[in-house]
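Residue numbers (my numbering), protein chains in the order written: chain A, 1 to 468; chain B, 1001 to 1357. Don't be surprised by glycine CBs; every beta carbon is placed ideally from N, CA and C.
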């Protein structure tokens, strides 16, 4: 027994001892043609890089970016409400750090050498870059907060199991908190309060059903009835109670016409992504349904939307909608934008999901049915998990294109990142600095899109465990 | 076969609500339009009730509408909007700006998305009639010009024989240029660009001998070229570009409001009233013209359904036309654009207000 387990170390395959020089010789200069190719390409790339570096450090006038960072980030958001934007960023950063810790709870050390180096580099960049330097103390404090929350998350993740589910509820709830911080106004009129009321009422109804059903034996129908009674009663009490109190509680209102910059771009993209996924999924299932009306309507929706360019949908939403509505009603423009983006993306997403569904062999469904699973269970337990896994690259691709499509809203007049850039570049003080402005927002878009692809790659490798 | 009939049925059911929606919807808009004409106070009342003006601007034209470092809209067009807001609400910030593309501006105005346009819109007969717009007084007389390099030997359009000119495509600028050259029988090569930035960059690199655009834009852009002083504007105006605020047809009360607030800006300059002196002038003066203008005498404002001191409010908050011009395009700014035709008629310009009485 011991002879097998104590295998001598020197039986490992010999490591290729390559010095950089031999690597270069082997890969770049292994024959005359490749040598010439290498030299020519090095010259071309070198010249281009030299031009780029010279432009960045000497030619470009970055004042247009450094003087307007807050405009790029938040658009025309009122200056005295900036603290709310900072608070929002703080909440996101803290939650992200905590999630990182929970996800990495089983790693030996969360802060490996690479991570520590990355954190140090980020801190250094924050202090050196002229864009972040004015806010360096706050940003570094946020970085420290991330690290602290990550540590906390790791400890919590080890102690309590099943924290992942609660965490996603936390993210979901944080969305409404952030939305309220952004919009302000009377709390009772906000989406946050509405969602909160629903959640509290649901918990109350569920508790009622659970407690009462302990006493006698109740059927499912009675339980549902009890739940509904509890739900509606709590909801009504909360609703009327809050209005009867008559106290107006809340932050100053920030009109949606003041939302802008990267903040608005992210809001549009995240809301659009969150909404288009379920709609797209339903459409994909509908298109494969056996029911002709459901299938027909799904096909009609998908093909109709896919046959129309996004810009025309957004244009309709931003300019034409009031023509169909009674005089004087103007639905919020941000809502119209999100609806337009969702309608468009969900049609494409439906096709991506359908491609995933079609890649699952029929045998899977048949096997599930032979086990006695009904259609919803077959779908949710057997088919969809496999289909969505296959479709991840396409779905993330769709999300990335939705993120970039938000720029079209700049053309129809929202001051999201591209729109505010156009307005900043028209400032006479920065005439002709358009290359700098566009380069800056291109970098921002790249960072977010790359983060999404990186995330999807990590998700794929962690889900494709049969290939490991 | 059975499947197809099901599909057809589904389509019919889906189409039913659409069809029934369409009919009352179109009826509503027709009725709404009729009421507006009959009542005579449609848009004005809507704006007053809302307590806020929605003004359509381009948002990307240097000197006319842009976002400054402090995050506020500024420019000549923007100040026109502010003057109207100040006249209505005594608050130049009681307004929301909407950035509008040149393709969507008239649709947005017709649909009621915006109350008025102040967006470098040239007053033409077709826009005034068939498009269904109303043009308030011109706040900026522009004209198409031609910029050339000093020492290139070009002094008039005739010298463009065999030379090339950079121009933005899809604009009236391009059409005007070819018209003018054809009229003079000059063979030249137009070099067209989709985008203004690209066109100026190409001109700067010497890709073409001349650059044509509105004169205000040429002068604004000249400061960004590598050697601004080596570029001169030819003494030629190829087109008339009267730019001013726009409202929609069939709403006289609202059109009058925008029109007379704009006239008030000219009239104030003529009367020598500025944002600084208007309050004390209104108290100390015996001049009946000024007293009527600020609303201390007569009922000029309230007859229009506006506050009687609407003109005084606009001037106090935003300034007279001269102040607005100096602030956005004058010698203190990067443009240093001579007022030219935009001086008052008393000084030989075109800015003229009918009497306030």
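For residue 323 (chain A), at least one C-beta of chain B is nearer than 8 Å to its own C-beta. Per DSSP, residue 336 (chain A) is one residue of the alpha helix (DSSP H) stretching across 333-358.
Nearest C-alpha to residue 1144 (chain B) among B:1242, B:1237, B:1178: B:1237. Exclusion of the five residues before and after residue 1343 (chain B) leaves 1349 as the residues of its chain whose Cβ lies within less than 6 Å of its Cβ. Here residue 446 (chain A) is exposed: its Cβ has fewer than 16 other Cβ atoms, across all protein chains shown, within 10 Å. Counting only residues of its own chain and dropping the five nearest sequence neighbours on each side, residue 289 (chain A) has a CB closer than 8 Å to the CB of 295, 298. As the crow flies, the alpha-carbon of residue 1242 (chain B) is around 15 Å from that of residue 1133 (chain B).
Within 10 angstroms of the beta-carbon of residue 278 (chain A) lie fewer than 16 other beta-carbons, which makes it exposed. DSSP, read as helix, strand or coil, puts residue 29 (chain A) in coil. DSSP places residue 1190 (chain B) within a strand segment (E or B) once states are collapsed to three.
Residue environment: residue 1070 (chain B) is assigned as exposed (fewer than 16 neighbouring CB atoms within 10 Å of its CB, all protein chains considered). The bridge partners DSSP lists for residue 1214 (chain B) are B:1144.
Interface with chain B (8 Å Cβ-Cβ cutoff): residue 363 (chain A) is excluded.
Taking 7 Å as the Cβ-Cβ cut-off, the segment 1103-1117 of chain B approaches chain A at 1104, 1107, 1108, 1111, 1112, 1113, given in chain order.
Here residue 1269 (chain B) has 1320, 1321, 1322, 1344 as same chain residues with Cβ atoms under 7 Å from its own Cβ, once five neighbours each way along the sequence are excluded. Our two residues, residue 192 (chain A) and residue 171 (chain A), have alpha carbons roughly 13 Å apart in a direct line.
Under the DSSP assignment, residue 1056 (chain B) falls in the beta strand (DSSP E) whose first and last residues are 1053-1057.
Judged by DSSP in its simplified three-state form, residue 80 (chain A) adopts helix.
Within a 10 Å sphere around the beta-carbon of residue 253 (chain A) sit fewer than 16 other beta-carbons, which makes this residue exposed. The Cβ-Cβ distance between residue 1234 (chain B) and residue 1155 (chain B) falls below 8 Å. Taking a contact to require three or more Cβ pairs closer than 8 Å, the segment 388-403 of chain A and the segment 342-349 of chain A qualify as touching. Look at the segment 1233-1245 of chain B: it has no residue with a C-beta under 7 Å from a C-beta of chain A. For residue 1145 (chain B), the closest Cβ of chain A is not nearer than 8 Å.
The distance from the Cβ of residue 1168 (chain B) to that of residue 1190 (chain B) is about 11 Å, inconsistent with a contact at the 8 Å cut-off. Inter-residue distance for residue 1108 (chain B) and residue 319 (chain A) is about 5 Å (C-alpha atoms, whole angstroms). Per DSSP, residue 393 (chain A) lies in no beta strand (DSSP E) segment; the continuous alpha helix (DSSP H) that holds it begins and ends at 384-405. Taking 8 Å as the threshold, the shortest C-beta distance from residue 319 (chain A) to chain B falls below it. Shown here for residue 332 (chain A): same chain residues with a beta carbon closer than 6 Å to its own, the five before and five after excluded, namely 256 in chain order. As DSSP reads the structure, residue 1238 (chain B) sits in no beta bridge. Residue A:285 holds the alpha-carbon nearest to the alpha-carbon of residue 356 (chain A) among A:412, A:372, A:285. Nearest in C-alpha terms to residue 1258 (chain B), of all of B:1087, B:1356, B:1093, B:1179, is B:1087. At a cut-off of 4 residues, the continuous stretches assigned as alpha helix (DSSP H) that sit fully inside the segment 397-463 of chain A are 408-411, 417-425, 434-463.
In the structure shown, the three-state DSSP call for residue 312 (chain A) is helix.
With fewer than 16 neighbouring CB atoms inside 10 Å of its own CB, residue 57 (chain A) falls in the exposed class. Taking 8 Å as the threshold, the shortest C-beta distance from residue 79 (chain A) to chain B falls below it.
Under the three-state reduction of DSSP output, residue 1098 (chain B) falls in the strand class.
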